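Below is one structure, written out as structure tokens; comments come after it.
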């Protein structure tokens, strides 16, 4: 091939990619647009059992952030049975709710019908759907016991460290969780501070995986900003030793 023909071949349009490919992104998240309302609405509830006392079947919580835990698997027949696994969990803060109204229903030939809605007189100034989320822990928030503030709600039978569920520095873009909280397996759709609607399962769970007993061995509380290494402030002070800022603070207070 002559040099002129070689240059002519190099100038031909060439394709450097294939034009047939699977779609990108999940169709379950369509339409990708800003929602009109952030709070999820429960449109169906579990079947009522008259023999049980009155209770809530749905509750609101706020997404605080994620961490990871170590637990022992109790799944006979599985290769990971009686072994420790590391799993990601989401912390959802569930502060006390204020009831502002009650809806009464009556039985009709076509089913239940709303009869009356009673709202509180002085209310003051105060979605994505995922099912079968496994709850790993329901923790108690900061509380007072014998005149002392108790923050120890992240210790386990195997990790006796006196620490709270909050990582060092707090949850990124959220802060500290001081109220009761729910620890859910895996991730939860939504940003930090997003209000989530938690509802009991419509069906009675019978699978072994759903009924598996959760044996938490360790809850990670290292800083979620950067490369965290320390579980508590005391552990960090022992490793780092006295710092300049501590000495300056001590001199200023002296």
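In full-length UniProt numbering, the protein residues as written are 1 to 254. Quick reminder that beta carbons are idealized off the backbone N, C-alpha and C, glycines included. Note that the structure is predicted; figures quoted are calculated from it, not measured.
Straight-line gap, residue i to residue j (C-alpha atoms, nearest Å)
| i | j | result |
| --- | --- | --- |
| residue 244 | residue 252 | 12 Å |
| residue 126 | residue 60 | Residue placement at residue 126 is flagged as unreliable, the pLDDT there being 47, under the threshold of 50; the coordinate-derived value follows with that caveat. Rounded to whole angstroms, residue 126 to residue 60 spans 14 Å at the Cα level. |
| residue 35 | residue 145 | 43 Å |
| residue 77 | residue 208 | 11 Å |
| residue 173 | residue 193 | 8 Å |
| residue 159 | residue 249 | 32 Å |
| residue 42 | residue 136 | 22 Å |
| residue 82 | residue 58 | 34 Å |
| residue 188 | residue 79 | 27 Å |
| residue 38 | residue 241 | 46 Å |
| residue 100 | residue 108 | 26 Å |
| residue 74 | residue 24 | 37 Å |
| residue 165 | residue 156 | 11 Å |
| residue 121 | residue 203 | 36 Å |
Opening and closing residue of the beta strand (DSSP E) in which residue i lies
| i | result |
| --- | --- |
| residue 215 | 215-219 |
| residue 99 | Per DSSP, residue 99 belongs to no beta strand (DSSP E) and is neither H nor E. |
| residue 149 | 148-150 |
| residue 136 | 135-139 |
| residue 143 | 143-145 |
Contact under 8 Å by Cβ, residue i with residue j
| i | j | result |
| --- | --- | --- |
| residue 65 | residue 196 | no |
| residue 223 | residue 169 | yes |
| residue 86 | residue 70 | yes |
| residue 228 | residue 180 | no |
| residue 28 | residue 90 | no |
| residue 182 | residue 198 | yes |
| residue 104 | residue 115 | yes |
| residue 219 | residue 154 | yes |
| residue 163 | residue 221 | yes |
| residue 46 | residue 200 | yes |
| residue 239 | residue 230 | yes |
| residue 62 | residue 92 | yes |
Residue i - partner residues in DSSP beta bridges
| i | result |
| --- | --- |
| residue 105 | 114 |
| residue 243 | Paired residue(s): none; residue 243 is not in a bridge. |
| residue 84 | 72 |
| residue 165 | According to DSSP, which records beta bridges pairwise, residue 165 is partnered with nothing at all. |
| residue 93 | 62 and 181 |
| residue 237 | Paired residue(s): none; residue 237 is not in a bridge. |
| residue 199 | 58 |
| residue 175 | 171 |
| residue 67 | 89 |
Q | Sufficient close CB pairs (3 or more, under 8 Å) joining the region 50-59 to the region 24-35 | A | no
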